[in-house]
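K.L.:
As they're listed, the protein sequences go chains L and H.
The first sequence begins at 1 in our numbering and counts up by one.
The second sequence begins at 1001 in our numbering and counts up by one.
Every residue, glycine too, gets a C-beta built ideally from N, C-alpha and C.
To start, I am sharing the structure in question, which I have written as structure tokens.
Protein chains: 2
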Amino acid sequence: MPQRRFDVLGIGNAIVDMLAKASDDFVNAENIHKGVMTLIDESRAAELFGKMPPPIIASGGSAANTMAGLAGLGGHAAYIGRVHDDHWGGLFSHDMKAIGVHYETKPAVMGLPTACCLIFITPDGQRSMNTFLGASTELSTDDLEEDLIRDSAVTYLEGYLFDKDPAQEAFVLAARLAHKYGNKVALTLSDPFCVNRHRAAFQKLVSAGVDILFANEAEVCALYEKNSVEEVLPLLAGACELAIITRSEEGSLILNKRKQVKITAEKVVRVVDSTGAGDLYAAGFLFGYTRGMDLQKCGLIGSVCAAEVISHVGPRPQADLKKLIESKGIL
Amino acid sequence: MPQRRFDVLGIGNAIVDMLAKASDDFVNAENIHKGVMTLIDESRAAELFGKMPPPIIASGGSAANTMAGLAGLGGHAAYIGRVHDDHWGGLFSHDMKAIGVHYETKPAVMGLPTACCLIFITPDGQRSMNTFLGASTELSTDDLEEDLIRDSAVTYLEGYLFDKDPAQEAFVLAARLAHKYGNKVALTLSDPFCVNRHRAAFQKLVSAGVDILFANEAEVCALYEKNSVEEVLPLLAGACELAIITRSEEGSLILNKRKQVKITAEKVVRVVDSTGAGDLYAAGFLFGYTRGMDLQKCGLIGSVCAAEVISHVGPRPQADLKKLIESKGIL
Chain L
1 MPQRRFDVLG IGNAIVDMLA KASDDFVNAE NIHKGVMTLI DESRAAELFG KMPPPIIASG
61 GSAANTMAGL AGLGGHAAYI GRVHDDHWGG LFSHDMKAIG VHYETKPAVM GLPTACCLIF
121 ITPDGQRSMN TFLGASTELS TDDLEEDLIR DSAVTYLEGY LFDKDPAQEA FVLAARLAHK
181 YGNKVALTLS DPFCVNRHRA AFQKLVSAGV DILFANEAEV CALYEKNSVE EVLPLLAGAC
241 ELAIITRSEE GSLILNKRKQ VKITAEKVVR VVDSTGAGDL YAAGFLFGYT RGMDLQKCGL
301 IGSVCAAEVI SHVGPRPQAD LKKLIESKGI L
Chain H
1001 MPQRRFDVLG IGNAIVDMLA KASDDFVNAE NIHKGVMTLI DESRAAELFG KMPPPIIASG
1061 GSAANTMAGL AGLGGHAAYI GRVHDDHWGG LFSHDMKAIG VHYETKPAVM GLPTACCLIF
1121 ITPDGQRSMN TFLGASTELS TDDLEEDLIR DSAVTYLEGY LFDKDPAQEA FVLAARLAHK
1181 YGNKVALTLS DPFCVNRHRA AFQKLVSAGV DILFANEAEV CALYEKNSVE EVLPLLAGAC
1241 ELAIITRSEE GSLILNKRKQ VKITAEKVVR VVDSTGAGDL YAAGFLFGYT RGMDLQKCGL
1301 IGSVCAAEVI SHVGPRPQAD LKKLIESKGI L
């Protein structure tokens, strides 16, 4: 790996999460799509907020969570994502800086408020996410900071951003710039429904511009319209340098053109809230990857980070990840 | 007890809590007074917020937590407290209404922003609270809704509000109105330092206008400038109809003019965050009291509610308190 000022630059939706416990009856009555992410508009967000039980508010956003995890491990992280100049935007910005992530995207003074995600956690531990993209959705090529892409060993793109054309264009440009400077491009597919909505564009980006792909089983199956991971593996191996498939309690599978590495999941006493599991896995993996560790170690660090974040409510680590990894004897 | 539209009307500081874990080094370096509540101004709030680790945001405020607990038990709760017309104010208002508390205090459009409390939780589980009172501090007799006081069996006053003269005046008037309509007045002393700052005014209110006093050991000792609870008991028994002294893991002591009742603390597997313990004890006690239960039962319900809130981060109950009390066979 080339040494750069930053290990990873994350580009994603800058979102503030609002988490509340809710009954299955509530989720059904509100026609909330259980266990996945649904996009909602401002009026639906206001309606759902009005009906939701008292939430806990915490900065979130998939790639932002990953950068927070990377910084928590002692890595050098940067982030690009749009907020509005309001309370939630101030909170998001504060949290990125407080954890040591380089974050200088200017808050918008015009347009929509800061994005929020209304997350309902049902008694079975599943989370149903309702995202109002607000200011974050207006990310475009104008927001790309070329010096950050140049100075980051990996540029990490969040698939959720694919729902708007200007953001898709920004991704294509970001990937091109990263490669121009000899850096790597990573992508997380984020959500099977998002993949279904933009399959062709995702396939094109993966085969033409992505070196490292993160996805769960449903997402890779959606990407290639296959029913099983086994059918997808040869396609993935041909498409990008490295693909990582996360499989919840069954661990993860890492493959490159030469081999497959299986990683067992880190044991968790009690899964409290699965929000952020994939994001933190990616943080751990990329921490190892940008330090030139072998794939086994990269995956183990990812598993430990994912286990930490699902053992409490909220999408970002609460424990000292650096100490946690050291205590496991992985480094 | 007279039957009223509301069991309890809480009057207190409407505050949004910002909770973060912090090291002892951080707390020391910032000269934060450990384990107690310190009042801070807007610039100090901005400074501490800038330095604090990423927080979790949740509606708080002592009397507001108590009303949330009472509503969670199935009681009828109302609340008076001032917020500003901003994001935090909207969150606070949402949370009160979502849990079923009658709350109609108009948000201020002029003046200071909504109050916030920056809470640092150190590894020993202690919380150090830094409160910017903002809009909540401007509560005055103008904010009292006489019909709510008339329609509430108990008017519950939060001692923290004593730090401003207009709020003290509002308390005296609220107590007078409650008694005019044949209702009860309860007061929680909130904090030993607050009691020290306003000892004479507190003593006067307790002996002249309060029927039910809630306090912990440090607070009642501060009220009468005594070194032990034993010295305080005779004074308390003479001052008000009912006094409840909470004693953390040693349970609570309830006394009236005729007897003392000792309540053992409800066992907690792991104390995660003691924020809200006293507030939820009061919620449980008043739920029983307004239903005419004996003092033993009132105290037991208080203990169960307090145990729930200290078993997780955040100042308000997450479990279904009604079911919890039913499952304990107390009702």
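#1: Between the C-alpha atoms of S1311/H and E1104/H, what's the straight-line distance to the nearest angstrom?
#2: Using Cβ-Cβ distances below 7 Å, what residues of the stretch 17-48 of chain L are close to chain H?
#3: Pair every Cβ in the stretch 275-293 of chain L with every Cβ in the stretch 62-75 of chain L, then say whether three or more of these pairs are closer than 8 Å.
#4: Which residues does DSSP list as the beta-bridge partners of C194/L?
#5: Taking the runs of the alpha helix (DSSP H) that are 4 residues or longer, which of them lie wholly in the stretch 1005-1091 of chain H?
#6: Helix, strand or coil for S303/L per DSSP?
#7: Helix, strand or coil for E158/L per DSSP?
#8: Quick one: Cα of P317/L to Cα of L91/L, how far?
#9: Could you confirm whether any beta carbon from chain H is found closer than 7 Å to the beta carbon of A98/L?
#10: From the DSSP secondary-structure annotation, give me the bridge partner or partners of S1252/H.
#11: Tell me the rounded alpha-carbon separation between I254/L and L1073/H.
#12: When the Cα atoms are used, what is the spatial distance from A237/L to G1100/H?
#13: Please determine if the stretch 1168-1184 of chain H and the stretch 1025-1036 of chain H are in contact, where contact requires at least 3 C-beta pairs separated by less than 8 Å.
#14: Could you give the first and the last residue of the continuous beta strand (DSSP E) run that contains S128/L?
#15: Looking at chain L, which residues of the stretch 1046-1079 of chain H have a Cβ within less than 9 Å of any of its Cβ atoms?
#16: Among all the DSSP beta bridges, which residues are the ones paired with L1173/H?
#17: How would you write the range of the beta strand (DSSP E) that V1185/H sits in, first residue to last?
#18: Looking at C-alpha atoms only, which residue of E266/L, R270/L, G314/L is the closest neighbour of K328/L?
#19: Quick check: what's the CA-CA separation for E1225/H versus L1235/H?
#20: Tell me, please, whether the CB atom of D95/L is closer than 7 Å to any CB atom in chain H?
#21: If we cut at 7 Å on Cβ distances, does H87/L have a partner in chain H?
#22: With a CB to CB cut of under 6 Å and the five nearest residues on each side skipped, what residues in its chain are close to G1302/H?
#23: For H1312/H, which of helix, strand or coil comes out of DSSP?
#24: CB of A1218/H to nearest heavy atom of the ligand ADP: below 6 Å?
#25: Output the boundary residues of the alpha helix (DSSP H) element that contains L1213/H.
#26: Under 8 Å Cβ to Cβ from C1194/H, same chain only, skipping five residues before and after it: list those, please.
#27: Since L118/L is in the beta strand (DSSP E), which residue starts that stretch and which ends it?
#28: Alpha carbon to alpha carbon, how far is P315/L from I121/L? Give it in angstroms, no decimals.
#29: Since Y1156/H contacts V1008/H with CB under 8 Å, what's their CB separation in whole angstroms?
#30: With a 10 Å radius around its C-beta and 16 neighbouring C-beta atoms as the bar for buried, classify A1046/H as buried or exposed.
#31: Taking only the alpha-carbon atoms, compute the straight-line gap between T246/L and A215/L and give it to the nearest angstrom.
#32: Among A115/L, L324/L, V309/L, S274/L, which residue has its Cα nearest to the Cα of G35/L?
#33: Where does the unbroken alpha helix (DSSP H) through S207/L begin, and where does it stop?
#34: Looking only at its own chain, which residues have a Cβ that is under 6 Å from the Cβ of R4/L, when we skip the five neighbours before and after it?
#35: Assign R1127/H to buried or exposed, taking buried as 16 or more other Cβ atoms, counted over all protein chains shown, within 10 Å of its Cβ.
#36: Listing by chain order, which chain L residues have their CB less than 7 Å from the CB of Q1318/H?
P.N.:
This is what the structure holds:
#1: 31 Å
#2: K21
#3: Touching, per the Cβ criterion.
#4: Looking at the DSSP assignment, C194/L forms no beta bridge with any residue, so it has no partner.
#5: DSSP runs (the alpha helix (DSSP H)) wholly in the stretch 1005-1091 of chain H: 1024-1029, 1042-1051, 1062-1072.
#6: helix
#7: Here E158/L sits in strand by DSSP.
#8: When rounded, the distance between both Cα atoms is 17 Å.
#9: With a threshold of 7 Å between beta carbons, A98/L makes contact with chain H.
#10: T1246/H, I1263/H
#11: Cα to Cα, the separation comes out at about 50 Å.
#12: The alpha-carbon atoms of A237/L and G1100/H are separated by roughly 55 Å.
#13: The stretch 1168-1184 of chain H, when compared against the stretch 1025-1036 of chain H, does not touch it at the 8 Å Cβ threshold.
#14: 127-132
#15: F1049, G1050, K1051, M1052, P1053, P1054, P1055, I1056, I1057, A1058, S1059, A1068
#16: According to DSSP, L1173/H bridges with nothing at all.
#17: 1184-1188
#18: Comparing Cα-Cα distances from K328/L to each of E266/L, R270/L, G314/L, the minimum goes to E266/L.
#19: 11 Å
#20: yes
#21: Flagged as an interface residue toward chain H: H87/L, by a C-beta distance shorter than 7 Å.
#22: Y1281, G1284, F1285
#23: coil
#24: The ligand content of the structure shown is nil, which means the ligand ADP is not present either.
#25: That residue, L1213/H, is in no alpha helix (DSSP H); its beta strand (DSSP E) goes 1212-1216.
#26: M1037, G1159, Y1160, F1162, D1163
#27: 115-121 is the extent of the beta strand (DSSP E) around L118/L.
#28: 13 Å
#29: 5 Å
#30: exposed
#31: 6 Å
#32: Nearest option by C-alpha distance: S274/L.
#33: For S207/L, the enclosing alpha helix (DSSP H) begins and ends at 199-209.
#34: D151, S152, A153
#35: buried
#36: K21
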